[in-house]
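A.B. asks: Counting along the sequence shown from 1, when you hit position 346 you're at 327 in the numbering used here, and nothing is skipped either side. Heads up, the beta-carbon is just placed ideally off N, CA and C, and yes, glycines get one too. Computed from a prediction, not measured in an experiment: that's the story for all the values here. Sharing a structure here in structure tokens format.
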Amino acid sequence: MLTEIYSQSNEGYPSDLTAAGGTLFFVADDGINGFELWKSDGTTLGTVMVKDINSGSDSGYPMYLTAVGNTLFFEANDGYNGRALWKSDGTASGTVLVADPYSASDGSSPLDLLTAVGNTLFFRAYTTTNGVELWKSDGTSTGTVMVKDINSGSSGSYPAKFTAVGTTIYFSASDGLNGQELWKSDGTASGTVMVKDINSGSSSSSPSELTAVGNTLYFSAIDGLNGQELWKSEGASSNTVLVKDIWTGSTGGGPNLLTAIGGSLYFSANDGINGTELWKSDGNSSGTVMVKDIYSGSSSSSIGELTAIGSTLYFRANDGIHQIELWKSDGTMSGTVMVTDININNNNGDAYQGHGYPSLITSVGDTIYFKAYDGIHGTELWKSDGTAAGTLIVKDISPGDSSDSSYLLRELTPVGNAIYFVAQTENGLIIGDTNEGELWVYLL
């Protein structure tokens, strides 16, 4: 264990683990100052509260921690300005209020979806005049401004799904005329425009899963004819096109979990024949194909946790024989294989019914780290180099088959030569409290 933030019988509730400038930032409660901003350098002495933003026992409740270069931006409440935009360089004096778009101290939550695009922070914020709209900040009060009142007036355009492609931010928004459609912005009002009215008229195409592959944006959308399918865009209406009608007709293939590897896109989809399986696309209809029918036939393989390392995709799936286990793929049918059967019980009465259920899959160099259940040790931290022999439990943090506390290992966050995470041992275990745990570090 790295350090026990709250040394009494309760836990420090560390959350929102975020790397910025080689430092781990997080939110915790030490039992004295409430929930405030903390940092760690991987040592006990270097794990300290950055600043008591809301002085005393009241909480500043930092949220949406987001790194822009070496600076951490977040939302917090100092007890005077309500929930507003803050930034930190890791020092108390450098942890300051940037701007309060709402300019009120009523404790409302006027901003979220903090997203870094180059050296600029984009976010959405609420004001009584403009509603919820797109904002940006350069870290100064004067440089924190609304980009554009997309839905003119107080209704708000409710921008969402923020995704950076180079120096451009793409998102979904509604201008009050065309429904929720695909938009983009270069940070100027004139450069904030609807890319295309995909579902023509007032209906929404509801773009989701926005994912950059090089300079191309892939996403899932509904055009009113083909159901929810895979689309791509290079920023103009003319090149915003349907990639493939995966489930032919109006049903929609429901592409999900879009993940970039090199110049290819991997995702899950259902063609109406093989169930929801692993697919890939090179941006062309002919190059958009199912990689493998992992759970043979019309059943779905419960694809999840898609994570790229180099040219290899790691994920979890169920082939109908081994339950949900760790898999990998090189994009070919023969190269899409189960890495190992972590839980060999195979539905033999254990708490996870034979599932290894790998989750929180996180890449560090050429190794993945994740939590999984083997039926012996409970849910613990594992690692894998892509081979069965190299897939190992890192540490039995809570000895024995403590499978009922699987939620207590969370937020795997790489910073430099370490992985930080939150976990709980059997000591002080409070059943049903999903936020408990202390901060741990695993040195690579």
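I'd like to check one pair, A48 with A80: are the Cβ atoms closer than 7 Å?
C.D. replies: No, they are not a contact pair.
A.B. asks: Under the three-state reduction of DSSP, which class applies to S(-4): helix, strand or coil?
C.D. replies: Strand, per DSSP.
A.B. asks: Where does the unbroken beta strand (DSSP E) through A217 begin, and where does it stop?
C.D. replies: Element bounds for A217: n/a, residue is neither H nor E.
A.B. asks: Is there contact between the stretch 233 to 244 and the stretch 271 to 278, where contact requires at least three CB pairs shorter than 8 Å?
C.D. replies: Flag = no, the stretch 233 to 244 and the stretch 271 to 278 do not touch.
A.B. asks: Please report the straight-line C-alpha distance between A141 and A154, rounded to a whole angstrom.
C.D. replies: Going from the Cα of A141 to the Cα of A154 covers about 7 Å.
A.B. asks: Return helix, strand or coil for P82, following the three-state DSSP convention.
C.D. replies: In the structure shown, P82 sits in coil (DSSP, three-state: anything other than H, G, I, E or B).
A.B. asks: Would you mind giving the Cβ-Cβ distance between D33 and E17, rounded to the nearest angstrom? I have them listed as a contact below 8 Å.
C.D. replies: 6 Å between Cβ atoms; contact.
A.B. asks: By how many angstroms is the C-alpha of D347 removed from the C-alpha of I290?
C.D. replies: Answer to the nearest angstrom: the Cα atoms are 6 Å apart.
A.B. asks: Between the stretch 132 to 151 and the stretch 102 to 115, can you find at least three pairs of beta-carbon atoms closer than 8 Å?
C.D. replies: As far as the Cβ criterion goes, the stretch 102 to 115 touches the stretch 132 to 151, which means the pair count is three or higher.
A.B. asks: Looking at C-alpha atoms only, which residue of T232, V272 and N265 is the closest neighbour of T249?
C.D. replies: A small fix is needed here, since residue 249 is Ser in this sequence, not Thr. Measuring from the Cα of S249, the nearest candidate turns out to be V272.
A.B. asks: Look up P395 in the DSSP assignment and give the residues it is bridged to.
C.D. replies: According to DSSP, P395 bridges with I400.
A.B. asks: For V375, which residues of its own chain have a beta-carbon under 7 Å away from its beta-carbon, when the five flanking residues on both sides are left out?
C.D. replies: Around V375: L362, W363, K364 and Y423.
A.B. asks: Who are the near neighbours of K309 in its chain, counting only those whose CB is closer than 7 Å to its CB and skipping five residues on each side?
C.D. replies: T293, L294, Y295, V318, V320 and G367, listed in sequence order.
A.B. asks: Among the candidates F104, F143, I150 and S187, whose CA atom is the shortest distance from the CA of E162?
C.D. replies: It is S187.
A.B. asks: So who's on the other strand from I242, going by DSSP bridges?
C.D. replies: Bridge partners of I242: S245.
A.B. asks: Sorted by chain position, which residues of the same chain lie with C-beta nearer than 7 Å to G371's C-beta, five sequence neighbours on each side aside?
C.D. replies: Within the same chain, G371 has close Cβ partners S365.
A.B. asks: Identify every residue that forms a DSSP beta bridge with S344.
C.D. replies: Its beta-bridge partners are I349.
A.B. asks: Around the C-beta of A217, are 16 or more other C-beta atoms found within 10 angstroms, so that it is buried, or is it exposed?
C.D. replies: It counts as exposed.
A.B. asks: Return the CA-CA distance between I325 and L373, expressed in angstroms with no decimal places.
C.D. replies: If you take the alpha carbons of I325 and L373, they lie about 14 Å apart.
A.B. asks: My output table needs one value for N14: the three-state DSSP class, helix, strand or coil.
C.D. replies: It is coil, neither helix nor strand.
A.B. asks: Inspect the beta-carbon positions of Y199 and L259 and report whether they are closer than 7 Å.
C.D. replies: In this structure, L259 does not lie closer than 7 Å to Y199 by Cβ.
A.B. asks: Buried or exposed: S381, going by 16 or more other Cβ atoms within 10 Å of its Cβ?
C.D. replies: Per the sequence presented here, residue 381 reads as Gly, with Ser not at that position. G381 should be labelled exposed.
A.B. asks: For S36, count neighbouring C-beta atoms within 10 Å of its own C-beta (all shown protein chains included) and say buried if the count is 16 or more, exposed if not.
C.D. replies: Answer is exposed; the Cβ neighbour count stays below 16.
A.B. asks: Under DSSP, the beta strand (DSSP E) around I150 begins and ends at which residues?
C.D. replies: T149 to S155 is the extent of the beta strand (DSSP E) around I150.
A.B. asks: Could you give the first and the last residue of the continuous beta strand (DSSP E) run that contains Q304?
C.D. replies: Element bounds for Q304: n/a, residue is neither H nor E.
A.B. asks: In chain order, what residues of the same chain have a beta carbon less than 8 Å from the beta carbon of T125, not counting five sequence neighbours either side?
C.D. replies: The residues are L66, V79, A80, P82, W116, K117, S118 and D119.
A.B. asks: Measuring alpha carbon to alpha carbon, tell me which of D252, T232, Y354 and M127 ends up nearest D322.
C.D. replies: Taking only the C-alpha atoms, the option nearest D322 is Y354.
A.B. asks: In angstroms, rounded to a whole number, what distance separates the CA positions of P339 and E210?
C.D. replies: About 28 Å.
A.B. asks: Where does S384 sit, in a helix, a strand or coil, going by DSSP?
C.D. replies: Note that S384 scores 48 on pLDDT, short of 50, meaning its location in the model is unreliable and no value can be drawn from it.
A.B. asks: Starting from the Cα of P395, find the closest Cα among G256, D22 and N14 and give me that residue.
C.D. replies: Ranking the options by Cα distance to P395, first place goes to D22.
A.B. asks: Report the three-state DSSP secondary structure of D425 (helix, strand or coil).
C.D. replies: The question names Asp, but residue 425 is Leu in the sequence shown. Correct three-state label for L425: coil.
A.B. asks: How is M127 classed by DSSP in three states: helix, strand or coil?
C.D. replies: M127: strand per DSSP, three-state reduction.
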